[in-house]
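Chains A and B supply the protein sequences, listed in that same order.
Sequential numbering of the first sequence, starting at 13, is according to this note's numbering.
Sequential numbering of the second sequence, starting at 13, is according to this note's numbering.
Ideal Cβ placement from N, Cα and C applies to all residues, glycine included.
The structure presented is a predicted model; accordingly, all values stated were derived computationally and were not measured.
Read through the structure below, which is laid out as structure tokens, and then see the notes.
Protein chains: 2
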Amino acid sequence: MLDEARDRLAANGARLTPVRQRTLEILLESHRAMGAYEVLDRLAAEGFGRQPPVAYRALEFLVEHGLAHRLQRLNAFAACLHPGHDHAPAFLICRECDMLAELPAAPVRDALTELAAESGFQVERATIEALGLCPACAGAARP
Amino acid sequence: MLDEARDRLAANGARLTPVRQRTLEILLESHRAMGAYEVLDRLAAEGFGRQPPVAYRALEFLVEHGLAHRLQRLNAFAACLHPGHDHAPAFLICRECDMLAELPAAPVRDALTELAAESGFQVERATIEALGLCPACAGAARP
DNA sequence: GTTTGACTTGTTATCATGTAACATGAATAA
DNA sequence: TTATTCATGTTACATGATAACAAGTCAAAC
Ligand SMILES: [Zn+2]
Ligand SMILES: [Zn+2]
Ligand SMILES: [Zn+2]
Ligand SMILES: [Zn+2]
Chain A
13 MLDEARDRLA ANGARLTPVR QRTLEILLES HRAMGAYEVL DRLAAEGFGR QPPVAYRALE
73 FLVEHGLAHR LQRLNAFAAC LHPGHDHAPA FLICRECDML AELPAAPVRD ALTELAAESG
133 FQVERATIEA LGLCPACAGA ARP
Chain B
13 MLDEARDRLA ANGARLTPVR QRTLEILLES HRAMGAYEVL DRLAAEGFGR QPPVAYRALE
73 FLVEHGLAHR LQRLNAFAAC LHPGHDHAPA FLICRECDML AELPAAPVRD ALTELAAESG
133 FQVERATIEA LGLCPACAGA ARP
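What follows is the structure, given as structure tokens:
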């Protein structure tokens, strides 16, 4: 996964430096959305800088290159689970267990783009995030 | 508009007190999304409290009662343009002029709900916000 | 009419999130 | 090698949000 990321970055003339790689690893390891300051604590504990821009820059870099996503609802970031092809997914966030799912949102986006077009509005970037219950938590709640 | 709001609130046993009413008026007057601190400045200048909770409480109240919406992407609030029937709209935000449009998002939501259901996920609340160009700004840019 | 209890408004204090501006060091290109 | 760009680190600050408490308002219950 990391090698793949590194290759794709190299093709774009971008480098997966130590902070950036470690940031990506941290996001991947936790398998959930993390706040920038949570990431920063981890980085600082491992000898990287301990000031906010260190984390924000690495996270911003990963988002720019499609290796991570930013979740508006949570003020948080998460590693992209399907990097590679440019994509603009929808996110499902479980309110019970914080599980995060990343779904290909083409049909939703198409519906939104069409809706917007009816008002003459051109959609460039869309945020589609849902809060609810994941299968596991829904099963536990109402078995 | 205000009278209508007051009536609907009364039916719910809630009161449109002076701070709350003034907060709603401020949102309505500006016709755009406003940060909580911007609202707070206006309130303070008119003799209301000048501490953050004053604005946050009034805004939260308005959102709870469907008179305003919160915009995740902007960390901001805007008056609801179609209050009354419960609704969960999609928002279009112009990146040039900050114009905000509020669209009935039923088709988009349906697509999202269906998509989520395929993974067994139950959607409870969804955030659908698009950034792009409004008709006026799109026309100006590429005439 | 007074008392009670829920609600509203205000405060202080603090926390969380995010960025601007600048100095230094590493990598690349000329 | 030297110039240039990019990357990392810092300080300082801006913005966004909430917890905890005190005091005032209002309407129902007595
Ligand atoms: Zn992704
Ligand atoms: Zn769950
Ligand atoms: Zn609305
Ligand atoms: Zn515009």
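Discussion item. Quick check on the contact list: which residues have their beta carbon closer than 7 Å to a heavy atom of ligand 2?
Written reply: Qualifying residues come out as A/C106, A/E108, A/C109, A/M111, A/L145, A/C146, A/A148 and A/C149.
Discussion item. Considering only heavy atoms of ligand 3, does any lie closer than 6 Å to the CB of A/H97?
Written reply: Flag unset: Cβ of A/H97 not near ligand 3.
Discussion item. Tell me which residues share the same chain as B/C146 and place their Cβ nearer than 8 Å to its Cβ, disregarding the 5 neighbours each side in the sequence.
Written reply: Answer for B/C146: L104, C106, E108, C109, M111 and A113, listed in chain order.
Practice prompt. Could you spell out where the beta strand (DSSP E) holding A/F89 opens and where it closes?
Written response: Annotation for A/F89: the continuous beta strand (DSSP E) segment containing it runs A88 to A91.
Worksheet item: For B/I140, which residues of its own chain have a beta-carbon under 6 Å away from its beta-carbon, when the five flanking residues on both sides are left out?
Response: Closer than 6 Å at Cβ, skipping near neighbours: A102, A117 and V120.
Fill in: Min CB distance A/E141 to chain B below 7 Å
Interface annotation, A/E141: in contact with chain B, CB-CB separation under 7 Å.
Item to complete: For A/L127, I'd like the list of residues in its chain whose CB is within less than 8 Å of its CB, leaving aside the five on either flank, ordered along the chain.
Response: Nothing meets the Cβ criterion.
Worksheet item: Would the beta-carbon of A/A80 fall within 7 Å of that of A/L52?
Response: No, these two residues do not count as a Cβ contact at 7 Å.
Discussion item. For B/R54, count the other beta carbons within 10 Å of its own beta carbon; 16 or more makes it buried, fewer makes it exposed. Which is it?
Written reply: The residue is buried, with at least 16 neighbouring Cβ atoms inside 10 Å.
Fill in: First and last residue of the uninterrupted alpha helix (DSSP H) at B/A118
That run of the alpha helix (DSSP H) goes A118 to A129.
Worksheet item: List, in order along the chain, the chain B residues whose C-beta lies closer than 9 Å to that of A/E136?
Response: Simply R107, A142, L143, G144 and L145.
Discussion item. Tell me which residues share the same chain as A/A67 and place their Cβ nearer than 8 Å to its Cβ, disregarding the 5 neighbours each side in the sequence.
Written reply: Annotation for A/A67: T35, A48, Y49, V51, L52 and L55 place their beta carbon closer than 8 Å to its own, counting only its chain and skipping 5 residues before and after.
Fill in: Status (buried if at least 16 other CB within 10 Å, exposed otherwise) for A/L124
By the 10 Å Cβ count, A/L124 comes out buried.
Worksheet item: How would you list, in chain order, the residues of chain A whose beta-carbon sits under 8 Å from the beta-carbon of B/G132?
Response: Against chain A, a Cβ distance below 8 Å from B/G132 picks out C146, P147 and A150.
Item to complete: Consider the Cβ of B/Q84: report whether some Cβ of chain A lies at a distance smaller than 7 Å.
Response: Interface residue, yes.
Fill in: Beta-carbon proximity of B/V28 to B/R20, cut-off 7 Å
A small fix is needed here, since residue 28 of chain B is Leu in this sequence, not Val. Taking 7 Å as the Cβ cut-off, B/L28 and B/R20 do not qualify as a contacting pair.
Discussion item. Once DSSP output is grouped into helix, strand and coil, what is the label at B/A70?
Written reply: Three-state DSSP puts B/A70 in a helix.
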